[in-house]
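**Q**
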Amino acid sequence: MRKYIFLLTVACCLLAAWPALAGQVQVFEPMAEGMSQRDLRDKARALGFAQAVLDEVQVMLGNKLPESRVALLKEYLLGHAEPFIQGYKVVSSQDFPEGLSLTMDVRVDRRTLRDSLGGMGFFATLSQPQPATVVWPGDLTDEELQALHHLINLTGIAPAEGASPVFTLERGGDKGTWKCRLSYDGQEWLAVNADMAKAWFTLWPRFFDRPAAQSAQTGGETLTVSGWFSPDGVLEFDRVLHGWDGAVQNAQLVAMDMQPSGAGATWTLSVVNRSRLEMLLNSFLPQRGLSFHLAAENRD
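Residue numbers (mature numbering (1 follows the signal peptide of the UniProt record, and there is no 0)): -22 to -1, 1 to 278.
Here's what the structure looks like:
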């Protein structure tokens, strides 16, 4: 019964915390010739979703993404942001002859977004691009070729003949579809979609999400914290640590140690912004009587 009451209380707190968990965005969508009011509102809402997701990405990546990739990501999100949206609320809407100004509270699914960013190559290519062979048909229109190059640059791919993996783009058997193939280390994956971007990002997680790629990402650390009176404090800090997306990713609680003097715990994690992480740790832990040690993982 106590467990049920506790879970109900947590659920109520989460619902009550909506404004704190949602981010507010303000966007302006210009009115185009022949556009209906409904179309205008739909485009403004899509722009708001894209901006909200982009804001979360910037935090998760520590604002390290070059401006050129930020612009490409915003363009991509205009048609692909909805899978990351948990909910939204219109705060204000004002019509002008020139267009629509819209302010919304938008709640982004940060866990899904974080996982997707890894598969899309953002963490792996943040410091340096990923060499790959990219092959495409010679009959691409200028618009199609531009879309492909946008995906290459967005993902952080450095095309190089003979490099591995090998990505091949072909026209699909059905008119208007794309057939894509990704080959690496004797394996091959296929994707077919009318949306080139969806086909592209169906395949690249096969490469970037493989265990060897994840373990090779820079910033692997272990964090050890001690001084809690009970395991409850460990679990609470675990929740806090997972909220520091701009400083740390992939935090995993791997050990908990109970001693007469108190509880201690160890996490493995990937550091995105070390200075920010150290600032957060120093502002959160010592005032609670806790000590910590952050060090590179032992990969022997």
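Don't be surprised by glycine CBs; every beta carbon is placed ideally from N, CA and C.
1. If you drop the 5 nearest sequence neighbours on each side, which residues of the same chain put their C-beta closer than 6 Å to that of Trp167?
2. Taking three-plus beta-carbon pairs below 8 Å as touching, is the segment 80 to 95 in contact with the segment 120 to 130?
3. Quick one: measure Cβ to Cβ for Val218 and Val250, integer angstroms, because I've assumed they're closer than 8 Å.
4. Is Lys157 helix, strand or coil when you go by DSSP?
5. Mapping DSSP to helix, strand and coil, what is Ala49?
6. Quick one: what does DSSP say Phe270 is sitting in, helix, strand or coil?
7. Please go through the same chain and pick out, in chain order, the residues whose beta-carbon is closer than 8 Å to the beta-carbon of Gly140, but skip the five residues on each side of it.
8. For Ser138 and Pro109, I'd like the C-alpha separation in whole angstroms.
9. Does the separation of the CB atoms of Gly77 and Leu32 fall below 8 Å?
10. Grouping DSSP H, G and I as helix and E and B as strand, with all else coil, what is Phe262?
11. Using the beta-carbon count (16 or more within 10 Å), is Arg47 buried or exposed?
12. Pick out the complete beta strand (DSSP E) segments inside the segment 82 to 156, 3 residues or longer, and give them in chain order.
13. Taking the DSSP output, what are the residues bridged to Leu168?
14. How long is the line joining the alpha carbons of Val232 and Val35, rounded to whole angstroms?
**A** Taking the coordinates as given:
1. Excluding sequence neighbours, Trp167 sits near Leu160, Leu181 and Arg184.
2. Not touching, per the Cβ criterion.
3. Not quite, the Cβ-Cβ distance comes to about 16 Å (not below 8 Å), so this is no contact.
4. The answer is strand: DSSP assigns Lys157 an E or B state.
5. Three-state DSSP puts Ala49 in a helix.
6. Of the three classes helix, strand and coil, the one that applies to Phe270 here is strand, per DSSP.
7. Excluding residues up to 5 positions away in sequence, Thr111 lie with their Cβ nearer than 8 Å to the Cβ of Gly140 in the same chain.
8. Reading off the sequence shown, one finds Ala at residue 138, where the question assumed Ser. Rounded to the nearest angstrom, the two C-alpha atoms are 6 Å apart.
9. Pairing Gly77 with Leu32 gives a Cβ-Cβ distance that is not under 8 Å.
10. In the three-state reduction of the DSSP assignment, Phe262 falls in the helix class.
11. Counting Cβ neighbours within 10 Å, Arg47 comes out buried, since at least 16 surround it.
12. Contiguous beta strand (DSSP E) elements confined to the segment 82 to 156 occur at 108 to 113, 135 to 137 and 144 to 149, taking only those with 3 or more residues.
13. DSSP lists Arg159 as partners of Leu168.
14. Distance between the alpha carbons of Val232 and Val35: 27 Å.
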